[in-house]
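Taking it in order: structure first as structure tokens, then the write-up.
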Amino acid sequence: MAPQDKVEFVILKLTFLPFIHPQYPRITLTRKKHSPSGSMTQVRDWFDRIMSREKSKIPSNISVRYCEWNITSGNANLFTINGYRFDKILLILGEEAIHWVYYQNMPLHRRIEGCGRLSVNYCGCCLNNQYLKIMETVKGCLMKQGGRN
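Residues in the sequence shown are numbered consecutively from 0, following numbering that gives the first Met the number 0.
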């Protein structure tokens with residue numbers, strides 16, 4: 000097997016907007032060389048902490064890229080945990096684990112953070128077809144934990 004010279008972290012950002020049809024979300028893909036933490040004001044501290052942990056697992060001579068999926072959906076079921084609806088969800092699909100945070104648009108009260116070594120198969124280039132399965136797996140994990148924050 001050839002040595003790896005690049006690592007691409009897949010970041011999935013979901014936003015709830017009630018006027019978007021649940022069956023037809025708006026999906027965009029952006030590939031970046033620099034960290035997208037500047038656009039994550041409410042969860043920048045969490046994102047930086049997780050990324051520093053993930054980057055420490057790879058050698059320093061390997062270049063890092065970011066594949067950022069932005070999905071805006073009107074599907075309230077994706078954003079509801081134990082009867083409480085969140086505005087945004089951020090997932091980092093790392094080398095060994097998936098990290099997630101559910102949070103509100105405004106920096107207040109409730110936020111659910113977690114991670115798990117979930118058996119999820121995905122491809123960074125066609126995540127628009129696979130994100131619902133990933134979200135279902137994450138939600139299943141949260142329901143087993145009781146949706147702790």
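For each residue, glycine too, the CB sits at the ideal point set by N, CA and C.
Check: Along the chain, where does the beta strand (DSSP E) containing Lys132 start, and where does it finish?; Outcome: Element bounds for Lys132: not the beta strand (DSSP E) but the alpha helix (DSSP H), Tyr130 to Gln144.
Check: Taking the Cβ atom as the reference point for each residue, do Val42 and Tyr130 lie within a distance shorter than 8 Å?; Outcome: no
Check: Assuming Glu53 is part of the beta strand (DSSP E), what are its boundary residues?; Outcome: Segment Arg43 to Lys54 is the alpha helix (DSSP H) holding Glu53; no beta strand (DSSP E) there.
Check: Please list, in chain order, all residues of the same chain as Arg84 whose beta carbon is under 8 Å from its beta carbon, the five residues on each side excluded.; Outcome: Phe15, Ala75 and Phe78
Check: By the 10 Å Cβ neighbour count, where 16 or more other Cβ atoms means buried, how is Pro58 classified, buried or exposed?; Outcome: exposed
Check: Whole angstroms is fine: what's the gap from Phe8's alpha carbon to Gly93's?; Outcome: 6 Å
Check: Which residue spans inside the stretch 18 to 104 form an unbroken alpha helix (DSSP H) run of at least 4?; Outcome: 43 to 54
Check: Kindly indicate which three-state DSSP category Gln16 falls into: helix, strand or coil?; Outcome: Note that residue 16 is Leu in the sequence shown, not Gln. In this structure, Leu16 counts as coil in the three-state DSSP scheme.
Check: Between which residues of its own chain and Glu53 is the CB-CB distance below 6 Å, once the five residues before and five after are set aside?; Outcome: Gly93
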